[in-house]
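Peer 1:
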DNA sequence: CTGAAAGCGCTAACAC
DNA sequence: GTGTTAGCGCTTTCAG
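Residue numbers (the numbering used here), protein chains in the order written: chain A, 22 to 377; chain B, 22 to 377.
#1: Return helix, strand or coil for residue 228 of chain B, following the three-state DSSP convention.
#2: Using a Cβ-Cβ cutoff of less than 6 Å, which residues in the same chain neighbour residue 322 of chain B once the five nearest sequence positions on both sides are dropped?
#3: Measure the C-alpha to C-alpha separation of residue 233 of chain B and residue 154 of chain B and round it to an integer number of angstroms.
#4: DSSP state of residue 219 of chain A, grouped into three classes?
#5: Against chain A, which members of the stretch 71-102 of chain B pass a CB distance test of less than 9 Å?
#6: Which residues of the stretch 273-290 of chain B have a Cβ closer than 8 Å to any Cβ of chain A? Give them in chain order.
#7: Can you pull the DSSP bridge partners for residue 337 of chain B?
#8: Per the DSSP calculation, residue 42 of chain A is bridged to which residue(s)?
#9: Does DSSP classify residue 184 of chain A as helix, strand or coil?
#10: Considering only their Cβ atoms, is the gap separating residue 68 of chain A from residue 184 of chain A smaller than 9 Å?
#11: Give the interface partners of residue 225 of chain B over in chain A, defined as CB-CB distance under 7 Å, in chain order.
#12: Residues of chain A with a CB under 9 Å from the CB of residue 138 of chain B: which are they?
#13: Here's a check: name, in chain order, each residue in its chain whose Cβ is nearer than 6 Å to the Cβ of residue 257 of chain A, leaving out the five neighbours to either side.
#14: What residue from B/318, B/225 and B/160 has the CA that sits closest to residue 363 of chain B's CA?
#15: What three-state label does DSSP hand residue 122 of chain A in the structure shown?
#16: State yes or no: is the beta carbon of residue 25 of chain B nearer than 9 Å to at least one beta carbon in chain A?
#17: Report the three-state DSSP secondary structure of residue 371 of chain A (helix, strand or coil).
#18: Measuring only the C-alpha atoms, how far is residue 291 of chain A from residue 279 of chain B?
#19: List the DSSP bridge partners of residue 21 of chain B.
#20: Within 10 Å of its beta-carbon, does residue 239 of chain A have 16 or more other beta-carbons around it, so buried, or fewer, so exposed?
#21: Three or more C-beta pairs under 8 Å: does that hold for the stretch 297-306 of chain A against the stretch 157-176 of chain A?
#22: Indicate whether at least one CB of chain A lies closer than 9 Å to the CB of residue 374 of chain B.
#23: How about residue 202 of chain B and residue 228 of chain B: do their beta carbons lie closer than 9 Å?
#24: What residues of chain B sit near residue 162 of chain A, judged by a beta carbon separation below 7 Å?
#25: For residue 272 of chain B, which option in B/287, B/134, B/297 and B/252 has the closest C-alpha, if you only look at C-alpha atoms?
#26: Just the chain A side, please: which residues come within less than 7 Å of residue 121 of chain B by C-beta, in chain order?
#27: Would you list the one or two residues that DSSP bridges to residue 73 of chain B?
#28: Can a CB atom of chain B be found closer than 9 Å to the CB of residue 28 of chain A?
#29: Quick test of your reading: residue 92 of chain A and residue 124 of chain A, contact by CB under 8 Å. State the CB separation rounded to the nearest angstrom.
#30: Quick one: Cα of residue 38 of chain B to Cα of residue 64 of chain B, how far?
#31: Can you find a CB in chain B that lies within less than 9 Å of the CB of residue 49 of chain A?
#32: At a CB-CB cut-off below 8 Å, which residues of chain B make contact with residue 209 of chain A?
#33: Would you mind sorting residue 109 of chain B into buried or exposed? The rule is 16 or more other CB atoms within 10 Å of its CB.
#34: Nearest chain B C-beta to residue 151 of chain A closer than 9 Å, yes or no?
#35: Here's the rule I'm using: 16 or more other beta-carbon atoms within 10 Å means buried, otherwise exposed. How should residue 266 of chain B be labelled?
#36: In this structure, does DSSP put residue 169 of chain B in helix, strand or coil?
Shown next as structure tokens:
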């Protein structure tokens with residue numbers, strides 16, 4: 022039983038200085054009503070004893086923990102880890118701690134234990150940094166426990182009475198498609214992600230809409246489904262090659278799958294961008310070093326994470342200071358087109374390569 | 022002041038059932054000394070009120086939080102995010118919560134506030150999931166506060182009195198080099214990572230040692246330094262092309278830099294693996310889809326994260342149960358060679374491609 | 001088997 | 001300015 026933390030308590034500080042714990046409390050909370058000299062003596066003792074107030078005890082009595090619950094999934098993937106990166110840096114800045122929980126699966130729906138654990142720790146708010154997949158949002162409007170803390174959800178369509186931060190995937194898809202059309206490609210195929218993902222559906226909807234708007238036909242054999250992996254990109258590309266021989270460009274649902282396309286094209290000597298234009302989605306770090314470098318849509322997931330933290334803290338603070346409560350709203354971030362060689366057929370026009 | 026959590030307390034449960042809080046406590050802690058019927062009534066009330074014991078209050082009184090502090094850095098990168106992935110899954114399994122802190126910089130040395138924050142939250146142990154870079158370990162043997170909790174460090178050389186889990190980078194480097202030599206390459210260059218990183222130094226040391234052991238000369242113009250980025254890989258490769266024209270293979274310090282090499286080679290029509298063999302390090306997901314697919318060294322960071330959690334919990338439990346304390350030790354995980362086309366010159370021999 | 005009392009480390013409310 | 005009292009939600013003695 023080595024338990025018996027070496028850390029000093031407020032009582033010890035108080036007794037060393039010869040004041041009440043109250044006075045020490047006032048000093049550590051920077052209250053004005055302490056005489057300068059008492060304050061000094063207390064501060065010295067704190068320094069000397071290396072005293073650090075117990076966050077646990079404080080949270081318990083204040084009913085406020087300055088801790089945020091973060092729920093994520095697929096941390097080994099590019100998007101989720103970047104989002105978490107944004108969350109940590111923003112939380113750090115705001116002085117909040119983070120309690121982290123990773124779901125075993127994106128579509129996980131057994132969320133009661135997650136809530137229980139986070140609530141047991143008295144988090145002041147939560148960030149649900151899991152994208153909408155399948156029915157993994159079906160509980161949002163009838164939460165298991167009546168919460169009195171705000172939750173900000175990431176990556177889902179807007180919804181009544183819900184705080185949301187997303188990146189506009191539909192707009193991103195439109196940017197990709199518009200660019201391909203500008204480059205003079207006529208027969209544009211699509212490789213989608215798994216369609217139980219909201220993001221995959223949005224990107225695909227943009228593909229369809231732009232085709233229609235430009236008087237092209239949308240046919241079922243003009244697209245194939247992948248599962249986000251490079252391997253599935255290869256397979257989808259092979260399928261499209263058979264199904265849609267006129268195809269001269271592909272809007273691919275993410276960069277990993279686009280990578281599979283590029284690899285197979287390279288292997289078969291199919292010249293990109295001349296014979297085939299390729300645009301991806303995500304702008305993963307590697308995409309600038311594919312061969313040829315990949316045109317893609319950048320999503321700023323780090324920013325999304327940061328904004329989520331800022332929003333949830335705004336709500337917490339307003340709530341706590343008794344201000345006008347902040348109405349739930351949906352924030353949509355705008356992605357950006359990154360033009361690289363994989364889609365740049367009109368080189369003659371110049372100036373466009375490298376433009377972001 | 023909407024504060025006043027909707028959650029029920031032990032007192033409420035007790036009064037609803039008409040027993041003391043004590044009895045409720047016994048039930049939730051699964052103590053044997055409660056009559057079956059009382060237990061049942063209490064359990065029903067708990068169910069009905071949706072009662073969940075406060076982790077805060079429990080931690081405070083037990084002096085034990087079942088929470089681990091995790092310190093990481095560069096979460097937007099491949100390695101750190103995978104490591105964290107392993108940490109979360111293992112902690113989940115063991116029933117521990119995770120308090121997460123991300124350093125703004127790998128070489129960050131101002132760690133006192135980090136410790137204070139984590140200790141204030143009474144974590145039972147810590148995982149320092151930041152690789153050794155520069156002097157960011159200089160404080161390990163003289164910690165700021167006299168801790169009574171264990172810390173497991175990741176990715177650093179073994180050291181007296183310190184719990185460590187690392188992947189054997191030196192061995193990985195030897196595997197890469199041995200493979201290149203087996204493939205008949207004669208003039209093997211190296212692109213290193215930044216040499217203030219321990220991992221970069223280990224990989225480079227392996228390069229040197231194998232060269233020496235096989236009777237080759239180690240010359241300063243046979244290697245170039247990168248900074249882990251693809252861009253730096255391109256630059257280092259260009260430099261080597263000038264400095265070391267006989268070069269017929271490169272052992273590259275990580276996959277990202279190798280990707281830069283591959284891209285430039287592809288651009289210049291330099292045939293890989295015939296004219297140039299390339300081996301990377303890390304086995305990032307994309308490396309199988311580079312062109313050509315990249316031979317590399319796999320590091321199982323997820324496993325490293327898992328083991329770190331298991332180790333720290335072992336120490337905590339032993340400590341708490343008053344068992345023989347567990348001696349600090351260093352655990353080295355073995356990496357694996359993944360052979361792909363970028364280094365496979367002896368195709369005639371067959372059977373080797375795809376072998377792991 | 002069950003309850004009463006004390007207290008983990010801290011702060012809010014009120015005295016003086 | 002400063003101290004006293006009470007109590008956040010729980011568990012650990014120790015009675016009975």
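Where is the CB? At the ideal position from N, CA and C, for every residue including glycine.
Peer 2: Based on what the coordinates show:
#1: Position 207 of the second chain, counted from the first residue, corresponds to residue 228 of chain B. Residue state, collapsed to three classes: helix.
#2: Mapped onto the second chain, residue 322 of chain B falls at position 301. Result list for residue 322 of chain B: 100, 103 and 104, in chain order.
#3: Counting from one through the second chain, the residue named residue 233 of chain B turns up at place 212. Counting from one through the second chain, the residue named residue 154 of chain B turns up at place 133. The alpha-carbon atoms of residue 233 of chain B and residue 154 of chain B are separated by roughly 27 Å.
#4: Taking the first residue of the first chain as 1, we reach residue 219 of chain A at position 198. Reduced to three states, the DSSP call for residue 219 of chain A is helix.
#5: 71, 73, 74, 75, 76, 77, 78, 79, 80, 81, 83, 84, 85, 86, 88, 91, 93, 95, 96, 97, 98, 99, 101 and 102
#6: 277, 280, 281, 283, 284, 287 and 288
#7: If you number the second chain from 1, residue 337 of chain B lands on position 316. Answer is none; residue 337 of chain B lacks a bridge partner.
#8: Walking along the first chain from the start, residue 42 of chain A turns up at place 21. Bridge partners of residue 42 of chain A: none, in fact.
#9: If you number the first chain from 1, residue 184 of chain A lands on position 163. Residue 184 of chain A: strand per DSSP, three-state reduction.
#10: Taking the first residue of the first chain as position 1, residue 184 of chain A is located at position 163. Taking the first residue of the first chain as position 1, residue 68 of chain A is located at position 47. No, Cβ-Cβ distance for residue 184 of chain A and residue 68 of chain A is not below 9 Å.
#11: Stepping through the second chain from its first residue, residue 225 of chain B is reached at position 204. Residues of chain A passing the Cβ test: none, with the nearest at roughly 22 Å.
#12: For the purposes of this step, residue 138 of chain B is taken as the residue at position 117 of the second chain. Under the 9 Å cutoff, chain A gives 73, 76 and 118.
#13: By one-based count along the first chain, residue 257 of chain A stands at place 236. Hits under 6 Å: 212, 245 and 247.
#14: By one-based count along the second chain, residue 363 of chain B stands at place 342. The residue with the shortest Cα to Cα distance from residue 363 of chain B is B/318.
#15: Mapped onto the first chain, residue 122 of chain A falls at position 101. Residue state, collapsed to three classes: strand.
#16: By 1-based counting over the second chain, the position of residue 25 of chain B is 4. The predicted model places residue 25 of chain B with a pLDDT of 41, which falls under 50 and marks its position as unreliable, so this point remains unresolved.
#17: By 1-based counting over the first chain, the position of residue 371 of chain A is 350. With a pLDDT of only 42 at residue 371 of chain A, under the threshold of 50, the placement of this residue in the model should not be trusted, and no figure is reported.
#18: Against the first chain, residue 291 of chain A aligns to sequence position 270. Against the second chain, residue 279 of chain B aligns to sequence position 258. Their Cα atoms are separated by approximately 23 Å.
#19: Lying before the first or after the last residue shown, residue 21 of chain B is absent from chain B, which here runs from 22 to 377.
#20: The residue labelled residue 239 of chain A in the question sits at position 218 within the first chain. Result: exposed.
#21: no
#22: As a first step, residue 374 of chain B is located in the second chain; it is residue number 353 there, counting from the start. Residue placement at residue 374 of chain B cannot be trusted, given a pLDDT of 44 that sits under 50; what the coordinates show is reported in the next sentence. No, residue 374 of chain B does not count as interfacial toward chain A.
#23: Taking the second chain and counting its residues from 1, the one referred to as residue 202 of chain B is at position 181. Taking the second chain and counting its residues from 1, the one referred to as residue 228 of chain B is at position 207. Not a contact, by the Cβ cut-off of 9 Å.
#24: Locating residue 162 of chain A in the first chain gives position 141, where the first residue counts as 1. Ordered by position in chain B, no residue passes the 7 Å Cβ test against residue 162 of chain A, which lies about 17 Å from the chain.
#25: In the second chain, residue 272 of chain B corresponds to position 251, counting from 1. Comparing Cα positions, the closest option is B/297.
#26: Taking the second chain and counting its residues from 1, the one referred to as residue 121 of chain B is at position 100. Under the 7 Å cutoff, chain A gives 109, 119 and 121.
#27: The residue labelled residue 73 of chain B in the question sits at position 52 within the second chain. Looking at the DSSP assignment, residue 73 of chain B forms no beta bridge with any residue, so it has no partner.
#28: Within the first chain, numbered from 1, the residue matching residue 28 of chain A stands at position 7. So, interface residue.
#29: Sequence index remark: in the first chain, residue 92 of chain A carries index 71 (1-based). Sequence index remark: in the first chain, residue 124 of chain A carries index 103 (1-based). At roughly 7 Å, the Cβ-Cβ gap stays under 8 Å, so residue 92 of chain A and residue 124 of chain A are in contact.
#30: On the second chain, position 17 is the one that residue 38 of chain B refers to. On the second chain, position 43 is the one that residue 64 of chain B refers to. Their backbone Cα atoms lie some 10 Å apart in a straight line.
#31: Within the first chain, residue 49 of chain A is the residue found at index 28, counting from 1. No, because no Cβ of chain B sits closer than 9 Å to the Cβ of residue 49 of chain A.
#32: Walking along the first chain from the start, residue 209 of chain A turns up at place 188. Near residue 209 of chain A there are no residues of chain B at all, since even the closest Cβ is about 22 Å away, more than 8 Å.
#33: Within the second chain, numbered from 1, the residue matching residue 109 of chain B stands at position 88. It counts as buried.
#34: The sequence position of residue 151 of chain A within the first chain is 130, counting from 1. No, its Cβ sits nowhere closer than 9 Å to a Cβ of chain B.
#35: The residue labelled residue 266 of chain B in the question sits at position 245 within the second chain. Looking at its Cβ environment, which holds fewer than 16 other Cβ atoms inside 10 Å, residue 266 of chain B is exposed.
#36: As a position in the second chain, residue 169 of chain B is number 148, starting the count at 1. Residue state, collapsed to three classes: coil.
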